[in-house]
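Colleague:
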Amino acid sequence: MDSKSSVALLSVASNVTLTALKLAVGLVTGSISVLSEAAHSATDLFASLVAFFSVRYAGRPRDADHPFGHGKMENLSGLIEGVLILVAAGWIIVESLHRIIDRRFGVEANVLGLLVMAASCVANHLISQKLFRVARETDSMALEADGQHLRTDVWTSLGVFGALGVITAGKGFGLKLDVLDPVAAIGVALLIISVANDVIVRSFQPLMDQRLPEAEEEAVKRIIAESGAGIVTFHQLRTRKSGPYRYIDLHVQVAREMRVPTAHKCAHDIVEAIQKALPNSGVLVHIEPYEGHDDLAASPEVHEQAKRAAMAVAGVKAVPHLTARKVGSSLAISAEVSVDSHVSVADGERIASAVRERLRKEFPEAAETDVRIRPGRSWAHHEPDRRRVSEALANHESPYVSFHDLRVHSHGQKHFVELELVVPARCTVQAAHELCDHLERDIKAVFAGESSVAIHVEPCDEDCPKCAIRCEFAPARP
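With our numbering, letter number 194 in the sequence shown gets 200, and the count goes up by one each step, no holes.
Below, the structure written as structure tokens:
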């Protein structure tokens, strides 16, 4: 049995004992305030039973019919408890007013009644503290509602204890103060109504999928704002709660040139940060490209700083092309670096990785650092090699695929091939990736020596005269 069920069962046992004691003393003394306390404890007993069974049911794992779990059972439990307490409070008020008007029932205040009220205060205080502690740890509305009931018992028992004490003292001076008994009972009922109203409202709101508290939503917004480079803005933040579970979904906009793996990592980092700040949270982050118009070229100082950072990497001989753009609060850097002709393809890739790391260290706000290796001046453009590659690519060309800007550079038995692969905008990343792998294998098969292939995938531009006709034949997604 878990901690929630254990403490709920402890509350049941406590309420059984206190209800029996208060009922016995109330019948013996004729005290309406003690009997009202017995009625209050009886409702608490029923509420604790509801809480016990609700936390057991709510703790069931998700299944095919309940993909979001069973957490709302705790909210339903709290709503039932609140309604029952209101009914009990109404009965107490009606009976107390009847006693005040009729004044036929005397009160026999004795030490036994005082002892029962004192014991009730101590027991309910200890149990309520334990309920609140577990409720905070598990975010359980059912246990919190049960704890509120017992805390109310503490204050009402103190009120009844005080009323009986005054009545007992008054009898010692020959004063008949029995009217204080129903008056104290009415005070008990009003306090019960106040607490019941709070429990009902707080239990009912999640059943209507009300948003999370403002403080929790602000925490989500703060996490997104502090999530680092790549996130431009967000919208459509929706939150709700089901028992102890929170459900959060939002749309995050990233730089248009950001690659899918990078965007996926940004989303994953946001999910982890939210779940760490708000436990028991199911978070869904939808990534979409930023379509705003605040993309600006970075300052000349940023360009120069980026070039100096790239040139500082061993093996880099020149940086013929570098762009840096501001995207919201982020930075996107694209660089082409030249290396000596004797550098192997593997070493060239290591140099490119070192440049990326240097740029990321220099510009922590950079959302994307795209670095490409260019052959140095000793590399030459060979038209025969280009024709051979074109022939290999011709086997892959179709109404849905075309190639732009094919460039082939050679130095001895080393070759560097770069081209743009244009596919329909509806093409999936997975399909484009598989096609790139196939193309790379075929291109490398053209050369006997060492070769490196860089393929840049671009969606078909409707305004481009080279491929607009192909878009007309692009298959629509079903």
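A virtual CB, placed ideally from N, CA and C, is assigned to each residue, including glycine.
1) Is GLU368 near ALA261, with beta carbons less than 9 Å apart?
2) Strictly by DSSP, which residues pair up with LEU256?
3) Can you name the residues that DSSP bridges to PHE422?
4) Let me make sure I understand the geometry here. Which of VAL429, LEU85, PHE409 has the alpha-carbon closest to that of GLU150?
5) Please determine, among VAL207, ALA358, ALA125, ALA169, the residue with the shortest C-alpha to C-alpha distance to VAL160.
6) Taking the alpha-carbon positions, what's the ALA482 to VAL429 distance?
7) Determine, using beta-carbon pairs with one atom in the region 192 to 200 and one in the region 92 to 112, whether at least three such pairs fall under 8 Å.
8) According to the Cβ coordinates, are ILE192 and SER47 closer than 9 Å?
9) May I have the straight-line CA-CA distance separating ALA53 from SER12, to the nearest angstrom?
10) Kindly indicate which three-state DSSP category TYR63 falls into: helix, strand or coil?
11) Return the bridge partner residues of LEU364 from the DSSP annotation.
12) For the putative contact between ARG105 and PRO188, defined by C-beta atoms under 8 Å, what is the C-beta separation to the nearest angstrom?
13) For a test of the three-state rule: what should DSSP assign to THR245, helix, strand or coil?
14) If I follow the unbroken alpha helix (DSSP H) through VAL277, where does it start and stop?
15) Within its chain, find whatever has a CB closer than 8 Å to the CB of THR144; leave out the 5 residues flanking it on each side and keep chain order.
16) By the 10 Å Cβ neighbour count, where 16 or more other Cβ atoms means buried, how is LEU181 classified, buried or exposed?
17) Looking at C-beta atoms only, is the number of pairs between the region 201 to 220 and the region 23 to 30 that lie closer than 8 Å three or more?
18) If you drop the 5 nearest sequence neighbours on each side, which residues of the same chain put their C-beta closer than 7 Å to that of CYS442?
19) From ASP184 to LEU41, what distance separates their C-alpha atoms?
20) What does a CB cutoff of less than 6 Å around LEU290 pick up in its chain, not counting 5 residues either side in sequence?
21) So what's THR329 in DSSP terms, helix, strand or just coil?
22) Give every residue of the same chain whose Cβ lies closer than 8 Å to the Cβ of ARG392, excluding the five residues on either side of it in the sequence, and list them in chain order.
23) Straight-line CA distance for GLU222 to VAL277?
24) Are GLY165 and VAL122 closer than 9 Å when you measure CB to CB?
25) Rounded to a whole number of angstroms, what is the C-alpha to C-alpha distance between ALA57 and PHE74?
26) If distances are taken between C-alpha atoms only, which option among VAL319, PRO326, TYR296 comes closest to HIS309?
27) In whole angstroms, what separates the C-alpha of ASN21 from that of ALA175?
28) Flag this pair as yes or no: are the beta carbons of ILE237 and SER336 separated by less than 9 Å?
29) Within 10 angstroms of its Cβ, does ASP71 collect 16 or more other Cβ (buried), or is it exposed?
30) Could you tell me the boundaries of the beta strand (DSSP E) in which VAL345 lies?
31) Among ALA14, ILE107, GLU232, HIS402, which has the Cα closest to the Cα of ASP448?
32) On the criterion of 16 or more Cβ atoms from any shown chain inside 10 Å, does SER408 qualify as buried, or is it exposed?
33) Could you check if VAL361 is buried or exposed, using at least 16 other CB atoms within 10 Å of its CB as the buried criterion?
34) Tell me whether HIS410 sits in a helix, a strand or coil according to DSSP, three-state version.
35) What is the DSSP secondary structure of LEU118, reduced to helix, strand or coil?
36) What does the Cβ neighbour count give for THR158, buried or exposed, with the cut at 16 atoms within 10 Å?
Modeller: On the basis of the supplied data:
1) Contact flag unset, no.
2) Note: LEU256 sits in a beta bridge opposite VAL291.
3) Looking at the DSSP assignment, PHE422 forms a beta bridge with HIS415, SER458.
4) Closest by alpha carbon: LEU85.
5) Residue nearest to VAL160 within the set VAL207, ALA358, ALA125, ALA169 is ALA125 (criterion: CA-CA distance).
6) Reliability of the predicted coordinates at ALA482 is poor, the pLDDT of 41 falling under 50, and the value obtained from them is presented with this limitation in mind. Their Cα atoms are separated by approximately 13 Å.
7) As far as the Cβ criterion goes, the region 192 to 200 touches the region 92 to 112, which means the pair count is three or higher.
8) For ILE192 and SER47, no; Cβs fall outside 9 Å.
9) Spanning the two alpha carbons is a distance of roughly 15 Å.
10) Collapsing the DSSP output to three states places TYR63 in a helix.
11) Looking at the sequence provided, one finds Arg at residue 364 rather than Leu. Checking the DSSP bridge columns, you'll see ARG364 has no partner listed.
12) With a Cβ gap of about 4 Å, ARG105 and PRO188 count as contacting.
13) Of the three classes helix, strand and coil, the one that applies to THR245 here is strand, per DSSP.
14) Where VAL277 is concerned, the enclosing alpha helix (DSSP H) starts and stops at 266 to 283.
15) Closer than 8 Å at Cβ, skipping near neighbours: SER9, LYS10, PRO250.
16) Looking at its Cβ environment, which holds fewer than 16 other Cβ atoms inside 10 Å, LEU181 is exposed.
17) They do not touch, by the three-pair rule.
18) Exclusion of the five residues before and after CYS442 leaves LEU427, ILE461, VAL463 as the residues of its chain whose Cβ lies within less than 7 Å of its Cβ.
19) Near 14 Å, if we compare the C-alpha coordinates of LEU41 and ASP184.
20) So the qualifying residues of the chain are ASP255.
21) In the three-state DSSP reduction, THR329 falls in the strand class (E or B).
22) Within the same chain, LEU412, ARG413, VAL414 come within 8 Å of ARG392 by CB-CB distance, once the 5 residues on both sides are set aside.
23) Rounded to whole angstroms, GLU222 to VAL277 spans 14 Å at the Cα level.
24) Contact flag unset, no.
25) For ALA57 and PHE74, the distance between alpha carbons rounds to 20 Å.
26) Check the Cα spacing between HIS309 and each of VAL319, PRO326, TYR296: the tightest is with PRO326.
27) In a straight line, the C-alpha of ASN21 is about 30 Å away from that of ALA175.
28) Yes, the Cβ-Cβ distance between ILE237 and SER336 is below 9 Å.
29) With fewer than 16 other Cβ atoms within 10 Å, it is exposed.
30) Start and end: 336 to 345.
31) Comparing Cα-Cα distances from ASP448 to each of ALA14, ILE107, GLU232, HIS402, the minimum goes to HIS402.
32) Taking all protein chains shown into account, SER408 has 16 or more neighbouring C-beta atoms within 10 Å of its C-beta and is therefore buried.
33) Classification of VAL361: buried, given that the 10 Å Cβ count is 16 or more.
34) For HIS410, the secondary structure class from DSSP, reduced to helix, strand or coil, is strand.
35) Helix, per DSSP.
36) Buried, by the Cβ-count rule.
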